[in-house]
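J.: Chains as they are written, first to last, in this note's numbering: chain B, 1336 to 1529; chain A, 34 to 491.
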Ligand code: SF4
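1. Is the CB of residue 1505(B) under 8 Å away from at least one CB in chain A?
2. Which residues in chain E sit within 9 Å of residue 260(A), going by Cβ to Cβ distance?
3. Taking three-plus beta-carbon pairs below 8 Å as touching, is the stretch 445-454 of chain A in contact with the stretch 417-424 of chain A?
4. Does residue 388(A) have its Cβ less than 8 Å from a Cβ in chain B?
5. Just to check my reading of the structure: residue 38(A) and residue 264(A) have Cβ atoms closer than 8 Å, yes? What is that Cβ distance to the nearest angstrom?
6. Could you tell me which chain B residues have their CB closer than 8 Å to the CB of residue 114(A), listed as they occur along the chain?
7. Expressed to the nearest angstrom, what Euclidean distance is found between the alpha-carbon atoms of residue 435(A) and residue 459(A)?
8. Chain B beta carbons: is any one of them nearer than 8 Å to that of residue 348(A)?
9. Could you check whether the Cβ of residue 96(A) sits closer than 7 Å to any heavy atom belonging to the ligand SF4?
10. Can you find the residues in the same chain that come closer than 6 Å, C-beta to C-beta, to residue 248(A), ignoring five residues on each side of it along the sequence?
11. Using a C-beta to C-beta distance shorter than 7 Å, which residues of chain A count as neighbours of residue 1448(B)?
12. Name the chain B residues whose beta carbon is nearer than 9 Å to that of residue 110(A)?
13. Taking C-beta pairs closer than 8 Å, name the residues in chain A that residue 1508(B) reaches, listed in chain order.
14. Got a sec: which bits of the stretch 260-281 of chain A sit with their beta carbon under 7 Å from any beta carbon on chain B, in order along the chain?
15. Between the C-alpha atoms of residue 1434(B) and residue 179(A), what's the straight-line distance to the nearest angstrom?
16. Compare the C-alpha of residue 1336(B) against each of 1412(B), 1451(B), 1374(B), 1402(B) and name the closest.
17. Report the residue from 252(A), 351(A), 369(A) whose alpha carbon sits nearest the alpha carbon of residue 333(A).
18. Checking contacts by CB at 8 Å: is residue 1477(B) closer than that to chain A?
19. Is the beta carbon of residue 225(A) sitting closer than 8 Å to the one on residue 324(A)?
20. Do you know offhand how far residue 174(A)'s Cα is from residue 186(A)'s?
21. Could you name the residues of the same chain whose beta carbon sits closer than 6 Å to that of residue 229(A), not counting the 5 residues immediately before and after it, in chain order?
22. How is residue 337(A) classed by DSSP in three states: helix, strand or coil?
23. Ordered along the chain, which non-local residues of its own chain (more than five positions away) have a Cβ less than 7 Å from that of residue 480(A)?
24. Could you tell me the alpha carbon to alpha carbon distance between residue 48(A) and residue 159(A), rounded to whole angstroms?
25. Cβ of residue 225(A) within 7 Å of any heavy atom in the ligand SF4?
26. For my contact list, residue 56(A) and residue 192(A) are in at a C-beta cut-off of 8 Å; report their separation, rounded to the angstrom.
27. Starting from residue 62(A), trace the beta strand (DSSP E) both ways and give me its first and last residue.
28. Using a 10 Å radius around the Cβ and a threshold of 16 neighbouring Cβ atoms, would you call residue 146(A) buried or exposed?
29. Does DSSP classify residue 1474(B) as helix, strand or coil?
30. Taking a contact to mean a Cβ-Cβ separation below 8 Å, would you say residue 269(A) touches residue 148(A) in this structure?
31. Count the other C-beta atoms from every protein chain shown that fall within 10 angstroms of the C-beta of residue 1487(B), then say buried if there are 16 or more, exposed otherwise.
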């Protein structure tokens, strides 16, 4: 998993509340065999017109926003079906962090497993962040737990266990393998009747 | 200290961590199928990891398999997922029962059939109906995609210990009622979410008399009660089922002795208990769009209480005060990990013997594994289905979830031995009525549901 310590990047604002996983990545894209390649299908129904052409009015499609790494959104992001593919689509597109008013439990967990930093900030902070222009940067400092934009610095909370995981770029498997000795010892004493 | 069956197995598998927090649990058996495994294997490849215990892993194909022409996979993505499993199993040294193989079938049917499913094991699979294996007195539950990768790499999983619930089942099962009716009756009575956060153990005189196949049907549908895992205490019935199977322990006596220590000491050890008496149980039929929307076959469909009911009635095209006998069927489906074992097929065949399907009914009979299919052909059961006008298919998940070509058309009513009657589950717009194999078979002959506990049938 890619480590996340600090990120300075441009942001896209998609301010809607209740963006569920079906909006982030519709179910027709689930029958795949890779974790990668979902970026082009991210927000599919909003991003493309019915005839398959690009919906140029959608924020993600505006030329000035290309290469943005931070998504600023509303409340209750990532609810609905538990598909991990929604997170894969966001990271594959190039997002490293999502700043919202709240996340569904499963989406939050899935994000921590895939190096996408979910940041919860209250509406009064997000209101200011929504003014971000396409050529302006936002800084995220995970060790300090801050989001900085212009002269504003906002503090965010994160469970220390998740924080450490992001900073060390450890995935769950790395973390578990710290207990390798215990696992090996356990295997030695497992009952075995042939 | 006195403990439940679940607690005893759990404790034997904790590697590290405290109760109340996530604990690292050892996995004795990891079952793998083609739909939830491609990304985990891809993840292993991209991080240069190996499968820690290929010897504790077993793969087969079921969800995508075409059951009519099993070697002719038309859907490109299905074929890609299946080919990918073949490739991954080779690369990572995992035993695979591919299509055509004698061991291929629905993952939850094949595990027990091979003798891989054993008491006191922790068993996981990237599929919610993994609970089925709990019938052997194992802790068995479904896991997500990242967790599949984690188990492949480490043979362990982080889990917070759930609470335990005992469901005591008493009374003698009336003739022509089955385990399917018990579990459907329990869900109809207590709802589709009473099991959330609990590991369920079914026990009591009624459960003790059930065959392993019947216990599997009960545990399979623990999911539909909201629980991740259902289980039954291992006993002589369990041991007899396992003995002699391909993967049964070689030192069977020692294994039996070990398994015999796993039982719940006292009913009061459960965090929660429920009771269910089957003495007056009737065959159950679902009328709505979740498994709790079910009624005894001889009763009228319920009044509309809320929007859920109204929406369900609208989707299913029925109305209150109709009876299950009034539901005209277009299809019957006998299959799925709930009811596609040999015993299920035998019961259904007995109902059909000497009869023919009603004129408008199409019937698909889909054995749970190739071994079951072969046995049924040998014993003449397949012939009974064919003579009745049923299509006798190849093993797979089939119309249980309609991810393969077996889809019930929109608006059509299907009597199904599977486990989920959700909107669109068996095909877009399909109308599912869950019931036992005997009920579904009899319904196929009559063209509508019938009460098989009446004199005509018993
Ligand atoms: S038969 Fe149905 S419930 Fe069982 S594993 Fe297959 S799709 Fe899932």
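Virtual Cβ for every residue (Gly too), placed ideally from N, Cα, C.
T.: In brief:
1. no
2. Annotation note: the requested chain E is absent from the structure, which comprises protein chains B and A.
3. no
4. no
5. 6 Å
6. 1366, 1368
7. 5 Å
8. no
9. yes
10. 168, 265
11. 179
12. 1366, 1367, 1368
13. 80, 82, 182, 183, 186, 187
14. none
15. 23 Å
16. 1451(B)
17. 351(A)
18. no
19. yes
20. 18 Å
21. 259
22. coil
23. 361, 362, 391, 393, 394
24. 22 Å
25. no
26. 6 Å
27. 62-65
28. buried
29. strand
30. no
31. exposed
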